[in-house]
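Remarks on the structure that follows.
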Amino acid sequence: MAKYTKMAYGSAEEMVFGHAKEPVSYGFGIKVGAGRVIPELNYGPRPGSEATPEKLRKEYVDYISKDVLNRCVTLGFPDVQLETEWISQMGDPKMATPVVEGQKAICEKYYEEYGLNCAVRQTIPDQREAEEGYRPGMGGKHSYPEHLFQCAEVACENGADVLSCETLGGKELGDYATTNGDIVAFLFGIGYLGSIDMEYVWKQFVDIAKKNKVIAGGDTNCSGANTSMFMAGGMLDQDVQRTYSAVTRAISAARTLVAWEQGASGPDKDCGYEGPICKAIAGKPCAQEGKNCQCAHADLQGNLMAQVCDLWSNESIEYHPEFGGTSVQCWMGSLGYEVALMNTAIQTGKQKDLRDLYMITDRERGPEGHILAYDNAYKIGEAIVSEGNNYYLRAKAAGLTAAKLIKDHNDSKELQLTRKQREVLDSIIKDLEALPDDEDKFFEYCCKKYADVPNFNLKNYGL
Amino acid sequence: MIDYSKVDFSKILKRYDVEGQNEMTPESVAKAMLPKDPVLYKVAECVLYMKFKDVGPATAEALKTKDALDIINNGLVVGMECVAKLYAEHIYYLPEIMMAAKTMEIGIALAEKQIPGGRTTKGTVVMHAAEGDPHDIGKNIAAVMMRSSGYTVVDMGKDVAVDDVVAKVKEIKPFMVTGTALMTTTMTAFPRAAAKLVAAGINIPFMAAGGAVNRDFSESFDLGIYSEKAPQTPPIADKILEGYDWRKIREEWDHIVGE
Numbered sequence: 045m046a047k048y049t050k051m052a053y054g055s056a057e058e059m060v061f062g063h064a065k066e067p068v069s070y071g072f073g074i075k076v077g078a079g080r081v082i083p084e085l086n087y088g089p090r091p092g093s094e095a096t097p098e099k100l101r102k103e104y105v106d107y108i109s110k111d112v113l114n115r116c117v118t119l120g121f122p123d124v125q126l127e128t129e130w131i132s133q134m135g136d137p138k139m140a141t142p143v144v145e146g147q148k149a150i151c152e153k154y155y156e157e158y159g160l161n162c163a164v165r166q167t168i169p170d171q172r173e174a175e176e177g178y179r180p181g182m183g184g185k186h187s188y189p190e191h192l193f194q195c196a197e198v199a200c201e202n203g204a205d206v207l208s209c210e211t212l213g214g215k216e217l218g219d220y221a222t223t224n225g226d227i228v229a230f231l232f233g234i235g236y237l238g239s240i241d242m243e244y245v246w247k248q249f250v251d252i253a254k255k256n257k258v259i260a261g262g263d264t265n266c267s268g269a270n271t272s273m274f275m276a277g278g279m280l281d282q283d284v285q286r287t288y289s290a291v292t293r294a295i296s297a298a299r300t301l302v303a304w305e306q307g308a309s310g311p312d313k314d315c316g317y318e319g320p321i322c323k324a325i326a327g328k329p330c331a332q333e334g335k336n337c338q339c340a341h342a343d344l345q346g347n348l349m350a351q352v353c354d355l356w357s358n359e360s361i362e363y364h365p366e367f368g369g370t371s372v373q374c375w376m377g378s379l380g381y382e383v384a385l386m387n388t389a390i391q392t393g394k395q396k397d398l399r400d401l402y403m404i405t406d407r408e409r410g411p412e413g414h415i416l417a418y419d420n421a422y423k424i425g426e427a428i429v430s431e432g433n434n435y436y437l438r439a440k441a442a443g444l445t446a447a448k449l450i451k452d453h454n455d456s457k458e459l460q461l462t463r464k465q466r467e468v469l470d471s472i473i474k475d476l477e478a479l480p481d482d483e484d485k486f487f488e489y490c491c492k493k494y495a496d497v498p499n500f501n502l503k504n505y506g507l
Numbered sequence: 028m029i030d031y032s033k034v035d036f037s038k039i040l041k042r043y044d045v046e047g048q049n050e051m052t053p054e055s056v057a058k059a060m061l062p063k064d065p066v067l068y069k070v071a072e073c074v075l076y077m078k079f080k081d082v083g084p085a086t087a088e089a090l091k092t093k094d095a096l097d098i099i100n101n102g103l104v105v106g107m108e109c110v111a112k113l114y115a116e117h118i119y120y121l122p123e124i125m126m127a128a129k130t131m132e133i134g135i136a137l138a139e140k141q142i143p144g145g146r147t148t149k150g151t152v153v154m155h156a157a158e159g160d161p162h163d164i165g166k167n168i169a170a171v172m173m174r175s176s177g178y179t180v181v182d183m184g185k186d187v188a189v190d191d192v193v194a195k196v197k198e199i200k201p202f203m204v205t206g207t208a209l210m211t212t213t214m215t216a217f218p219r220a221a222a223k224l225v226a227a228g229i230n231i232p233f234m235a236a237g238g239a240v241n242r243d244f245s246e247s248f249d250l251g252i253y254s255e256k257a258p259q260t261p262p263i264a265d266k267i268l269e270g271y272d273w274r275k276i277r278e279e280w281d282h283i284v285g286e
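Top line first, the protein sequences correspond to chains R and C.
In my numbering, each number is its position in the first sequence, counted from 1, plus 44.
In my numbering, each number is its position in the second sequence, counted from 1, plus 27.
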């Protein structure tokens with residue numbers, strides 16, 4: 045499949061929330077990236093609901109979905125996308141099928157009864173383990189790779205509107221990299237091997253989705269860049285330095301993009317904070333999360349992430365009662381009103397003003413948000429497409445560009461860094477600049493250097 | 028783009044990380060803690076500065092004049108205690124902990140060979156990530172911290188079935204078992220495993236931790252105790268060795284992790 049070698053947008057300024065170059069329509073009246081932002085509500089069932097298929101169906105359909113759709117009607121929201129991130133037990137089709145069928149049916153009911161535009165994203169679980177093998181036929185006792193593609197079939201055959209996944213390729217090296225502060229290991233694991241895994245997995249997901257007339261949405265590097273972002277944590281945490289986390293985010297964009305190169309049409313996944321970079325390159329709609337996902341994540345770019353989103357998400361909330369209704373209803377209200385503000389800005393021609401206000405509030409809050417500000421995200425996108433045909437070189441270019449943007453803006457006193465953050469940043473630039481331009485040499489170097497990383501196995505990547 | 032050149036960001040946000048950064052250096056903190064004996068100092072210094080290529084030769088040199096246990100307890104472990112102090116003071120961070128621990132383990136492995144029957148650790152803990160849960164980075168970090176604090180860790184890995192956990196505990200007879208989970212639907216394995224341990228007459232604390240787990244859940248079943256962050260695991264383990272059972276750990280949890 046062709047790789048991206050040029051930008052979808054002529055400039056960063058063209059990008060705005062609610063508009064994508066390649067809008068997508070699906071479900072019951074949902075149009076993403078076609079002129080208005082759609083709220084996307086994600087949830088987790090209560091512990092114990094996984095006991096039987098019927099209990100799980102009831103939890104997801106009769107309680108969670110119904111509550112959300114009712115609250116949309118109560119508050120006058122015109123659109124909603126539900127997202128079901130499958131729990132591990134849904135790897136069993138007996139558990140998953142009634143949920144997928146039931147959610148489709150209840151969406152149809154609300155669309156017909158109230159005219160509520162709605163759809164369901166089914167996000168299947170990637171339970172593959174590096175030690176057992178990432179590819180079918182590697183003999184792992186759980187057969188997780190086989191189950192991964194079976195889940196895609198079950199979702200698409202039984203009523204998914206959008207198919208997504210948070211794939212784990214490269215995680216064994218990503219975890220090692222982040223706990224040891226080793227950016228080259230991250231580049232090798234996530235940027236290079238992770239992209240190879242994405243190509244393998246998403247080619248098949250797209251085929252399965254197309255066969256069933258389902259939208260293949262996209263992925264996220266939740267297992268890599270989000271791991272480093274959450275370990276970097278808040279202002280006073282920093283088990284991992286936020287300069288490291290910011291560079292991993294840029295690298296992850298080169299990986300997440302692969303799903304779209306393999307034919308997925310978007311929207312990608314909400315927790316992929318690399319979305320602004322990917323959207324700048326591909327022009328496909330992206331789901332994002334930030335200020336209205338505080339139920340799940342406390343990140344440092346809560347407003348900024350809304351700047352160019354097409355779906356706006358709460359990430360996830362466990363189903364439970366709150367004073368204002370059930371938790372999913374409360375967060376539906378929070379999301380829905382924020383989206384109404386964005387759509388009002390579009391209707392009044394003020395969308396770029398609101399985009400900029402969102403972006404400016406968090407631009408200086410830390411390096412992670414700084415590189416995702418749409419002007420900087422665009423520059424990282426340009427770096428990726430300049431080496432678009434080579435997974436290694438484009439991921440390296442993304443990381444190096446992000447690192448240098450942070451350095452330059454720290455030098456010019458636009459962005460503050462702690463001494464430690466700067467020390468780590470300088471070390472990252474040095475490490476990335478020292479790498480060869482030749483993919484084979486890089487591969488050889490990394491295979492030797494990381495040979496002892498637990499569960500690192502080239503066979504997982506067909507190599 | 029809106030012109031934000033005149034924006035006073037101090038009216039919008041506060042960079043607590045920049046304003047509150049620690050002025051101390053590793054040298055200033057370690058000065059008072061490192062051993063005075065020059066041979067042991069050299070070994071401890073290797074751990075402090077994560078010199079994993081130098082720690083082998085330094086340990087071998089020390090073994091010519093020092094007892095192996097002396098080198099471990101008063102050299103390598105003291106170096107790691109300095110690292111823990113620097114971590115607590117936000118001078119060192121997780122990557123330094125991981126590299127220093129790796130350095131210490133190289134030295135310990137070398138010194139241990141000189142101890143007949145091997146080294147006795149403070150105790151053995153069984154650690155795992157819940158069945159169906161592929162996320163084990165938190166467990167791995169806690170395991171490093173436990174080893175660095177002088178414990179033997181039997182690491183069962185991730186996605187471990189309840190019955191396998193129970194069987195391993197019966198086999199190893201640890202003083203504590205830990206489980207981590209990132210998902211609310213996988214953490215339900217912990218009370219099931221704990222119930223089976225109770226039924227087998229095993230009365231050891233079962234530490235339930237991880238992103239999905241909270242203190243209420245951990246303390247909702249017999250044996251269950253909580254750890255919010257990996258660095259809290261060793262001090263809780265120390266209290267168990269002092270004789271605290273799971274009920275007393277719960278009662279004094281705030282005090283223990285606040286120490």
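Every residue, glycine too, gets a C-beta built ideally from N, C-alpha and C.
(Q) Would Leu103 (chain C) and Ala71 (chain C) qualify as a contact pair, given that the criterion is a beta-carbon distance under 8 Å? (A) Result yes, Cβ atoms of Leu103 (chain C) and Ala71 (chain C) sit closer than 8 Å.
Q. Assuming Met214 (chain C) and Ala264 (chain C) make a contact with CB atoms under 8 Å, what is their CB distance in whole Å?
A. The pair is not a contact, with the Cβ atoms about 21 Å apart (cut-off 8 Å).
Q. Gln166 (chain R) by DSSP, collapsed to three states: which one?
A. Collapsing the DSSP output to three states places Gln166 (chain R) in a strand.
Q: Apply the 10 Å Cβ neighbour rule to Arg463 (chain R) and answer buried if 16 or more other Cβ atoms are within range, or exposed otherwise.
A: In the assembly as shown, Arg463 (chain R) is an exposed residue. Its beta-carbon has fewer than 16 other beta-carbons within 10 Å.
Q. Nearest to Ala196 (chain R) by CA position, among R:Gly146, R:Ala140 and R:Leu344, is which residue?
A. Distance check between Ala196 (chain R) and each of R:Gly146, R:Ala140 and R:Leu344 places R:Ala140 closest, using alpha-carbon atoms only.
**Q.** Range covered by the beta strand (DSSP E) that runs through Leu355 (chain R)
**A.** Leu355 (chain R) -> beta strand (DSSP E) spans Leu355 to Ser357.
Q: Measure the C-alpha to C-alpha separation of Ala220 (chain C) and Lys448 (chain R) and round it to an integer number of angstroms.
A: In a straight line, the C-alpha of Ala220 (chain C) is about 50 Å away from that of Lys448 (chain R).
Q: Could you work out which residue in R:Glu190, R:Asp354, R:Ala350 and R:Val497 is closest to Glu216 (chain R) when comparing CA atoms only?
A: Closest option to Glu216 (chain R), Cα to Cα, is R:Val497.
Q: State the CB to CB distance for the pair Met173 (chain C) and Val152 (chain C), rounded to an integer number of angstroms; the pair is presumed to be in contact (CB under 8 Å).
A: Contact flag correct, Cβ pair sits at about 6 Å.
**Q.** Reduced DSSP category for Met107 (chain C) - H, G, I as helix; E, B as strand; rest coil
**A.** In the structure shown, Met107 (chain C) sits in a helix (DSSP, three-state: H, G or I).
(Q) Cutting at 7 Å between CB atoms, please list the residues of its own chain near Lys423 (chain R), excluding the five before and the five after it. (A) The residues are Thr445 and Leu449.
**Q.** Cα-Cα separation, Thr86 (chain C) to Ala194 (chain C)
**A.** Cα to Cα, Thr86 (chain C) sits roughly 38 Å from Ala194 (chain C).
Q. What did DSSP end up calling Ile108 (chain R) once you bin it into helix, strand or coil?
A. DSSP places Ile108 (chain R) in helix when its eight states are reduced to three.
Q) In chain order, what residues of the stretch 189-222 of chain R put their CB closer than 7 Å to some CB of chain C? A) Cβ contacts with chain C come from Leu212 and Asp219.
Q.
Assuming Ile473 (chain R) is part of the beta strand (DSSP E), what are its boundary residues?
A. From DSSP, Ile473 (chain R) is part of no beta strand (DSSP E) but of the alpha helix (DSSP H) over Arg463 to Glu477.
Q. Apart from the five residues just before and just after Lys138 (chain R), which ones in its own chain have a Cβ nearer than 8 Å to its Cβ?
A. Around Lys138 (chain R): Pro97.
(Q) Contact criterion: CB-CB distance below 8 Å. Does Val284 (chain R) meet it with respect to chain C? (A) Closer than 8 Å: yes.
Q: Check the Cβ-Cβ distances between Phe79 (chain C) and every residue of chain R, and say whether any is below 8 Å.
A: No, because no Cβ of chain R sits closer than 8 Å to the Cβ of Phe79 (chain C).
**Q.** Residues that Asp243 (chain C) bridges to, as DSSP identifies them
**A.** According to DSSP, Asp243 (chain C) bridges with nothing at all.
(Q) Counting only Cβ pairs nearer than 8 Å, list the residues of chain R close to Lys185 (chain C). (A) Simply Glu173.
Q. DSSP state of Ile13 (chain C), grouped into three classes?
A. With chain C represented from 28 up to 286, any question about residue 13 (chain C) goes unanswered, as that position is not in the structure.
Q. Whose CA, out of R:Asn114, R:Asn433 and R:Thr118, lies closest to the CA of Val302 (chain R)?
A. Relative to the Cα of Val302 (chain R), the nearest Cα in the group R:Asn114, R:Asn433 and R:Thr118 belongs to R:Asn433.
Q. Are Thr222 (chain R) and Thr264 (chain R) touching if we call contact CB-CB under 8 Å?
A. No, the pair does not count as a contact, with Cβ atoms beyond the cut-off.
Q: Using the Cα positions of Ile229 (chain C) and Asn100 (chain C), report the straight-line distance between them to the nearest angstrom.
A: If you take the alpha carbons of Ile229 (chain C) and Asn100 (chain C), they lie about 32 Å apart.
Q. According to the neighbour-count rule (16 or more other Cβ atoms, all chains shown, within 10 Å of its Cβ), is Gly377 (chain R) buried or exposed?
A. Label assigned to Gly377 (chain R): buried.
Q: Taking only the alpha-carbon atoms, compute the straight-line gap between Leu212 (chain R) and Ser132 (chain R) and give it to the nearest angstrom.
A: Answer to the nearest angstrom: the Cα atoms are 14 Å apart.
Q | Best match in R:Glu362, R:Lys440, R:Asn358 and R:Gly346 for proximity to Arg409 (chain R) [C-alpha to C-alpha] | A | Of R:Glu362, R:Lys440, R:Asn358 and R:Gly346, the residue nearest in Cα terms is R:Gly346.
Q) Does the pairing of the stretch 35-51 of chain C with the stretch 249-269 of chain R give three or more beta-carbon distances under 8 Å? A) Flag = no, the stretch 35-51 of chain C and the stretch 249-269 of chain R do not touch.
Q: At 4 residues or longer, and completely inside the stretch 256-335 of chain R: list those alpha helix (DSSP H) runs for me, N to C.
A: List check, alpha helix (DSSP H) in window: 271-276, 286-305 and 319-326.
Q. Which bits of chain R does Val34 (chain C) rub up against, with CB to CB less than 7 Å?
A. By Cβ distance, chain R contributes Ile404.
Q | Neighbouring residues, chain C, relative to Leu231 (chain R) (Cβ below 8 Å) | A | Within chain C, no residue comes near Leu231 (chain R); the closest Cβ sits about 16 Å away, beyond 8 Å.
Q: For Pro89 (chain R), decide whether its Cβ has a neighbour in chain C, counting only Cβ atoms nearer than 8 Å.
A: Closer than 8 Å to some Cβ of chain C, the Cβ of Pro89 (chain R) qualifies, so yes.
Q | Leu126 (chain R) - DSSP class collapsed to helix/strand/coil | A | If DSSP states are grouped into helix, strand and coil, Leu126 (chain R) belongs with the strands.
Q) Would you say Gly225 (chain R) reaches chain C, if we count a Cβ-Cβ gap shorter than 8 Å as a contact? A) At least one CB atom of chain C sits nearer than 8 Å to the CB of Gly225 (chain R).
Q) Near Val66 (chain C), which residues of its chain fall below 7 Å by C-beta distance, leaving aside the five closest residues on each side in sequence? A) Hits under 7 Å: Ala89, Thr92 and Lys93.
**Q.** Asn433 (chain R), DSSP secondary structure in three states
**A.** Residue state, collapsed to three classes: coil.
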